[in-house]
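2 protein chains.
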Amino acid sequence: MLKGHLDAIVLAALEAGPAHGYAIIETIKSRSAGAFDLPEGTVYPALHRLEQAGLLSSAWTPPPGGRRRRVYSLTKAGTAALAEKRKAWGRFSQAVQTSLGGGRAWPA
Amino acid sequence: MLKGHLDAIVLAALEAGPAHGYAIIETIKSRSAGAFDLPEGTVYPALHRLEQAGLLSSAWTPPPGGRRRRVYSLTKAGTAALAEKRKAWGRFSQAVQTSLGGGRAWPA
DNA sequence: ATCCATACCTAGCATAACTAGGTATAGAGC
DNA sequence: GCTCTATACCTAGTTATGCTAGGTATGGAT
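In the order they appear, the protein sequences are chains A and B.
Mapping of the first sequence onto the working numbering: position 84 corresponds to residue 131, and the numbering continues sequentially without gaps.
Mapping of the second sequence onto the working numbering: position 79 corresponds to residue 126, and the numbering continues sequentially without gaps.
Below, the structure written as structure tokens:
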């Protein structure tokens, strides 16, 4: 379970530039060192949701000669949402950290 | 939304000693500096779930003269589960952190 | 020719946490 | 005495989220 942070992670994966769904899954897997190996059934609906919400836009790559791919890009609203979600993550993780007690934020 | 980490936070709130539901809510609120102001409808079912799972045990305080309270304590299994959940949180938050990119773990 | 990796999609399920109600007692203020 | 608030517990039903489990199709390697 990604516990409500999937949207932020997907948006972050697109920050470096447009990508298609399958590539996004790979990016997330490698960036998280394998921890987030997300099934397609998780990611594709999320992409649709994010596009619906106006945070992503998509375009099909021209199919003649190549395999069809839907390439997603961050919209302006998506970039803003990502920034907000990063802040929210910071607040959230800080709060969990102190709630779990046991002191320091990050074990060295 | 507590995003799946509620159980860990509740268990952590009981680590210092037994407490009743209402007090647990207060503890969580103060420990998180107000970030987690949980409705009772969130916490009570969680307590029941955790007791069902054998991670907590409960006892009613004797009602004569005082207000009825159900006091929860960590079981041995609960203590072990808390330790495991702390580790899981560490792994999870680390993975989110790197997935969100943007470098350093904690902005000073 | 067959298989696997790539690439997309959806319906339906499970779970989590919240909303929105309900009950009841103790103490403070009038 | 009466009312109001804080304390203290509970549950049914809603919502969102992510997953399972299926389906379709193409390109490249064997």
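From the three backbone atoms N, C-alpha and C, an ideal C-beta is built for every residue, glycine too.
None of these values were measured; they are calculated from a predicted model.
Close Cβ partners of residue i (< 6 Å) along its chain, the five nearest in sequence each way excluded
i: residue 74/B; result: 60
i: residue 104/B; result: 120, 122
Supposed contact pair residue j and residue i - C-beta distance, whole angstroms, cut 8 Å
i: residue 64/B; j: residue 91/B; result: With 8 Å as the limit, residue 64/B and residue 91/B do not qualify as a contact, their Cβ atoms being about 20 Å apart.
i: residue 139/B; j: residue 142/A; result: The Cβ separation is near 14 Å, so there is no contact.
i: residue 128/B; j: residue 58/B; result: 6 Å
Neighbour-count burial assignment, residue i, 16 or more Cβ in a 10 Å radius
i: residue 79/A; result: buried
i: residue 132/B; result: buried
i: residue 125/B; result: buried
C-beta neighbour in chain A for residue i, strict 9 Å
i: residue 51/B; result: yes
i: residue 75/B; result: yes
i: residue 105/B; result: no
i: residue 138/B; result: yes
Spatially closest choice to residue i from the options, by CA coordinates
i: residue 119/B; options: 142/B, 49/B, 72/B, 147/B; result: 72/B
i: residue 108/B; options: 102/B, 117/B, 101/B; result: 117/B
i: residue 121/A; options: 98/A, 86/A, 88/A; result: 98/A
i: residue 54/A; options: 147/A, 100/A, 81/A, 123/A; result: 100/A
i: residue 145/B; options: 81/A, 146/A, 145/A; result: 81/A
Interface flag, residue i vs chain B, CB-CB below 9 Å
i: residue 102/A; result: no
i: residue 56/A; result: yes
i: residue 87/A; result: no
i: residue 147/A; result: yes
i: residue 62/A; result: yes
i: residue 96/A; result: no
i: residue 143/A; result: yes
Spatial neighbours of residue i in its chain, beta-carbon cut-off 7 Å, leaving aside the 5 residues before and after
i: residue 52/A; result: 136
i: residue 153/A; result: At residue 153/A the pLDDT is 45, less than 50, meaning the model places this residue with poor confidence; the figure from the coordinates comes in the next sentence. No residues qualify anywhere along the chain.
i: residue 114/A; result: none
i: residue 159/A; result: Nothing in the structure corresponds to residue 159/A, since chain A is present only between 48 and 155.
Close-in-space but distant-in-sequence residues of the same chain around residue i (CB under 8 Å, 5 per side omitted)
i: residue 49/B; result: 56, 83, 85, 89
i: residue 62/B; result: 121, 126, 129
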